[in-house]
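*Asks:* Sequence positions in the sequence shown follow our numbering and run 1218 to 1804.
For glycine and all other residues, C-beta sits at the position ideal for the given N, C-alpha and C.
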Amino acid sequence: MLCLALRRFGQKLVRRHMLEEYAADMGPDRRLTTLDLVALGVSCTVGVGVYTLAGEVARDKAGPSIVICLLVAGLSSVLSGLCYAEFGVQVSYSGSSYLYSYVTLGELWAFITGWNLIIFFVAHTATVARAWTLAFDNLLGNQISQTLHESISPNVPQVLGEILGFIVVGLVLLLMELLILRSSWIFLVSKVVILVKLLTLTFVIIAGFIKGDLHNWKLTEEDYVKAGLNDTSSLGPLGYGGFVPFGFKGILRGAATCFYTFIGFTIIVTRVEETRNPQYSVPMGIVISLFICFLMYFGVSSALTLMVPYYQLQPGSTLPEAFLHVGWAHACYVVTFGFLCSLSISIFGFMFPIRNLIYMMTQDGLLFPVLARIQTGTDTPIMATVILSIIAAIMAFFFRLTDLVDLMSVGALLAYSLLATCVLIIRYQPQRRTGGNESEVLEENGHIAERLTLQGLLFPSSSTPTPLSGQVVYVCSSLLVLLLTLLCLVLAQRPVLLSGDPVWISVVVVLLVLIIGITGVIWRQPQSSSHLPFKVPALPLLPLLTIFMNVCLMMQMTADTWVLFGVWMLIGFAIYFSYGIQHSLVN
């Protein structure tokens, strides 16, 4: 009896949605071109990261080697982008990795993915609101913060003055959001803003290389002493200069934070259904937007660290203050104006997908129905917008910019890893019959699994995917994710490995042998012959490399970030197991 109950409970966790069930209510006008998607992707990607976060990472984590951090983060983002592109052309419905996880991995993993995307979108809104406030205050010479501090009673903590400023900006942004919900000119505005943004950043790059000093990439301990920094130990284990002042660990830590700077490309997938030719425009939009963003980030970070020694970078509006440092005061206002334009459109770009995601999860029965309450006349889930805006305001009040960014990076990295697993699994699955019953598929798989042999595992008799080969890939992929996670945990103990400890080295060797062996089993299974305009190349290696890089970056996050992430996940699990699992539409 207990085994039967556990079996039924396990089947509930992995029950999957059929794509046909999403298609019925989706059919808006297809009006977006490749240029629209590129403009949308760049406008949502190049924002807080290029103006503010680059200075934070360079000052505290990587120094001039931030350019290497961006290269690592950009490569990981491209790999994830390829996985998104395959699903975008295969599933021509507006969605996200939540939808893709639901139709491949099952309900529990879909909920985890969707819940992580919610915290990502909410934290992004909070980050933009905080950065927008800092930039606007900086443009006015910090008059807002000074006025608030002087007008509030001395008995009130000073931080409340800053909080009041965030409250005002948060309310303004919320009102702007409610007014722009049905605006059809959002993509025209995106194109204009992206043009202003690219011109501003091009000016920053050119000016940076003109006013920059290559010596700032070759700092020594003598430079710190001359600058009045006698205690160089506070700069990190290798904080005495050079291109990599914080060592290899600083590069990995910086890359984990810099990953946030590239994740805006996911906005493209949420507009698949509105695209004229999604099979072509989605992959091209993702790749082109990521390439443009990398060039911008690489050039701006290089210019920034050449203009200002990394240890002199100040938190807040880093780029405008860099021009003050080199004596170009007027350029400061030009850069700040471009910054404000960039953030203003960025926050609206991310409010659309979060509403769609919550509405989709609510319709699937995984979240409370009140979140799907539609405002008359705008067809907008007003309750979800208000609640999430309040959460974003609270997060903007109490968390630092880097804390919000790290929290977003963890959520995005986990969601992207699950998406790469989806690509690995679905390519080896047999074609489903429309309206097929999930329980029938499970029973069929269970019957065939009894005939599984070692020879059949390594030398399948069929050239096309079967329920048996699909189940083998499903199990092997799950084992690989577990093994890759264990490998990343072991590799995180780098000092122990470098000491030559035979126990840890043996563990690494065993994990690598198991990973290679299971990867070989997947490679031997037949792939689907269905024609797709775009497919992730080098299967199964590329999705596995994506998972490995993402998990490695996740291991670089601080304990505080994992605590925040753990609290958010506990709230999500409480909602799912108390409500979602019983009210699921698939139930």
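#1: State the Cα-Cα distance for the pair Asp1277 and Tyr1527, rounded to the nearest angstrom.
#2: Below 8 Å, how does it come out for the segment 1616-1636 and the segment 1775-1786: are there three or more Cβ pairs, yes or no?
#3: Just verifying my parser: in three-state terms, what is the DSSP assignment at Leu1249?
#4: Name the DSSP beta bridge partners of Thr1579, please?
#5: Count the CB pairs spanning the segment 1636-1647 and the segment 1751-1765 that are closer than 8 Å, and state whether there are at least three.
#6: With 16 as the cutoff for other CB atoms within 10 Å, does Trp1740 come out buried or exposed?
#7: Would you kindly check if the distance between the Cβ of Phe1782 and the Cβ of Leu1605 is under 8 Å?
#8: For Phe1426, would you say it is in contact with chain D, using Cβ-to-Cβ distances shorter than 8 Å as the test?
#9: Pick helix, strand or coil for Met1524, following the three-state DSSP scheme.
#10: Report the partner residues of Thr1492 according to the DSSP bridge assignment.
#11: Helix, strand or coil for Leu1325? Go by DSSP, reduced to three states.
#12: So is Thr1437 buried or exposed if we call it buried at 16+ other beta carbons inside 10 Å?
#13: DSSP on Tyr1645, reduced to helix/strand/coil?
#14: Ignore the nearest five residues each way along the sequence and tell me which others in Ala1613's own chain have a CB closer than 6 Å to its CB.
#15: CA-CA distance, His1432 and Leu1418?
#16: Would you check if there are 3 or more beta carbon pairs closer than 8 Å linking the segment 1575-1587 to the segment 1549-1556?
#17: CA-CA distance, Ala1222 and Gln1228?
#18: In its own chain, which residues sit with a C-beta less than 8 Å from the C-beta of Phe1820, not counting the 5 before and 5 after it?
#19: Could you name the residues of the same chain whose beta carbon sits closer than 6 Å to that of Gly1481, not counting the 5 residues immediately before and after it, in chain order?
#20: Throw me the rounded Cβ distance for the Met1772 and Ser1293 pair, which I believe falls under 8 Å.
#21: Hey, how far is the Cα of Arg1233 from the Cα of Tyr1319?
#22: Take Met1501 and list the residues in its own chain whose beta-carbon comes closer than 7 Å to its own, dropping the five residues that flank it on each side.
#23: Between Leu1299, Leu1714, Phe1420 and Pro1586, which lies nearest to Thr1483 when the distance is taken from Cα to Cα?
#24: For Thr1269, report the span of its alpha helix (DSSP H) as first-last.
#25: Based on Cα-Cα distance, which residue from Ile1792, Asp1253, Leu1288 and Arg1225 lies nearest to Ser1506?
#26: Given a threshold of 16 other Cβ atoms within 10 Å of its Cβ, counted over all protein chains shown, does Leu1770 qualify as buried or as exposed?
#27: So for Phe1616, helix, strand or coil by DSSP?
#28: So Leu1334 packs on Leu1574, CB below 8 Å; how close in whole Å?
#29: With respect to the alpha helix (DSSP H) encompassing Ala1275, which residues constitute its N-terminal and C-terminal limits?
#30: One question on the structure: do Pro1712 and Pro1682 come within less than 8 Å of each other, judged by their Cβ atoms?
#31: Determine the closest residue to Cys1286 out of Leu1230, Val1295, Gly1467 and Ala1340, with distance taken between C-alpha atoms.
#32: Return yes when the Cβ of Val1421 is within less than 8 Å of the Cβ of Glu1324, no when it is not.
#33: Go ahead and label Ala1279 buried or exposed: buried means 16 or more other beta carbons lie within 10 angstroms of its beta carbon, across all protein chains shown.
#34: Within 10 angstroms of the Cβ of Phe1794, are there 16 or more other Cβ atoms? Answer buried if so, exposed if not.
#35: Identify the continuous alpha helix (DSSP H) that holds Pro1537 and give its terminal residues.
#36: So, Ala1290 versus Cys1475, is the Cβ gap smaller than 8 Å?
*Replies:* According to the data block:
#1: Translated into the one-based positions of the sequence shown, residue 1277 becomes position 60. Translated into the one-based positions of the sequence shown, residue 1527 becomes position 310. Between the alpha carbons of Asp1277 and Tyr1527 lies a distance of about 8 Å.
#2: Output reads yes: the segment 1775-1786 touches the segment 1616-1636.
#3: The sequence position of residue 1249 within the sequence shown is 32, counting from 1. Note: Leu1249 maps to strand in three-state DSSP.
#4: For this step, residue 1579 is matched to residue 362 along the sequence shown. Answer by DSSP bridge pairing: none, since Thr1579 is not bridged.
#5: Enough Cβ pairs lie closer than 8 Å, so yes.
#6: Against the sequence shown, residue 1740 aligns to sequence position 523. Label assigned to Trp1740: exposed.
#7: Indexing the sequence shown from 1 puts residue 1605 at position 388. Indexing the sequence shown from 1 puts residue 1782 at position 565. With contacts defined by Cβ atoms closer than 8 Å, Leu1605 and Phe1782 do not form a contacting pair.
#8: This model lacks chain D altogether, as it is built from one protein chain only.
#9: Counting from 1 along the sequence shown, the entry for residue 1524 is found at position 307. Residue state, collapsed to three classes: helix.
#10: Here the question's residue 1492 lines up with position 275 in the sequence shown. Answer is Leu1249.
#11: For the purposes of this step, residue 1325 is taken as residue 108 along the sequence shown, with counting starting at 1. Judged by DSSP in its simplified three-state form, Leu1325 adopts helix.
#12: Locating residue 1437 in the sequence shown gives position 220, counting from the first residue. Thr1437 should be labelled exposed.
#13: To locate residue 1645, count along the sequence shown from 1; it is residue 428. In this structure, Tyr1645 counts as coil in the three-state DSSP scheme.
#14: Translated into the one-based positions of the sequence shown, residue 1613 becomes position 396. Correct list, in chain order: Ala1343, Ala1346, Arg1347 and Phe1383.
#15: Residue mapping note: residue 1432 aligns to position 215 of the sequence shown, counting from 1. Residue mapping note: residue 1418 aligns to position 201 of the sequence shown, counting from 1. Taking C-alpha positions only, His1432 is separated from Leu1418 by approximately 23 Å.
#16: These segments do not touch.
#17: One-based indexing of the sequence shown puts residue 1222 at position 5. One-based indexing of the sequence shown puts residue 1228 at position 11. Rounded to the nearest angstrom, the gap between the Cα atoms of Ala1222 and Gln1228 is 10 Å.
#18: The shown model of the chain, from 1218 to 1804, leaves out residue 1820, and the question about it has no answer.
#19: Along the sequence shown, one-based indexing puts residue 1481 at 264. These residues qualify, in order along the chain: Cys1261 and Thr1262.
#20: Taking the first residue of the sequence shown as position 1, residue 1772 is located at position 555. Taking the first residue of the sequence shown as position 1, residue 1293 is located at position 76. Wrong, their Cβ atoms sit about 13 Å apart, outside the cutoff.
#21: Taking the sequence shown and counting its residues from 1, the one referred to as residue 1233 is at position 16. Taking the sequence shown and counting its residues from 1, the one referred to as residue 1319 is at position 102. The straight-line gap from Cα to Cα measures roughly 6 Å.
#22: Along the sequence shown, one-based indexing puts residue 1501 at 284. Within the same chain, Met1501 has close Cβ partners Thr1251.
#23: Position 266 of the sequence shown, counted from the start, is the residue given in the question as residue 1483. Of Leu1299, Leu1714, Phe1420 and Pro1586, the residue nearest in Cα terms is Leu1299.
#24: Sequence index remark: in the sequence shown, residue 1269 carries index 52 (1-based). Neither: Thr1269 is in no alpha helix (DSSP H) and is coded neither H nor E.
#25: Your numbering for residue 1506 matches position 289 in the sequence shown. It is Asp1253 whose Cα lies nearest to the Cα of Ser1506.
#26: Indexing the sequence shown from 1 puts residue 1770 at position 553. Leu1770 is buried by the Cβ-count criterion.
#27: The sequence position of residue 1616 within the sequence shown is 399, counting from 1. DSSP, reduced to helix, strand and coil, places Phe1616 outside both helices and strands of the structure shown, so it counts as coil.
#28: Counted from its first residue, the sequence shown places residue 1334 at position 117. Counted from its first residue, the sequence shown places residue 1574 at position 357. Indeed, because the Cβ distance is near 6 Å, the residues count as touching under 8 Å.
#29: Here the question's residue 1275 lines up with position 58 in the sequence shown. Per DSSP, Ala1275 belongs to no alpha helix (DSSP H) and is neither H nor E.
#30: To locate residue 1712, count along the sequence shown from 1; it is residue 495. To locate residue 1682, count along the sequence shown from 1; it is residue 465. No, these two residues do not count as a Cβ contact at 8 Å.
#31: Walking along the sequence shown from the start, residue 1286 turns up at place 69. Selected option, being the one with the closest Cα: Gly1467.
#32: The residue you call residue 1324 lines up with position 107 of the sequence shown. The residue you call residue 1421 lines up with position 204 of the sequence shown. No. Outside cutoff.
#33: Mapped onto the sequence shown, residue 1279 falls at position 62. Classification for Ala1279: buried.
#34: To locate residue 1794, count along the sequence shown from 1; it is residue 577. With a 10 Å radius around the Cβ and a threshold of 16 neighbouring Cβ atoms, Phe1794 comes out exposed.
#35: The residue labelled residue 1537 in the question sits at position 320 within the sequence shown. Residue range Thr1535 to His1542 is occupied by the alpha helix (DSSP H) that includes Pro1537.
#36: Numbered from 1 along the sequence shown, position 73 holds the residue referred to as residue 1290. Numbered from 1 along the sequence shown, position 258 holds the residue referred to as residue 1475. Contact: yes.
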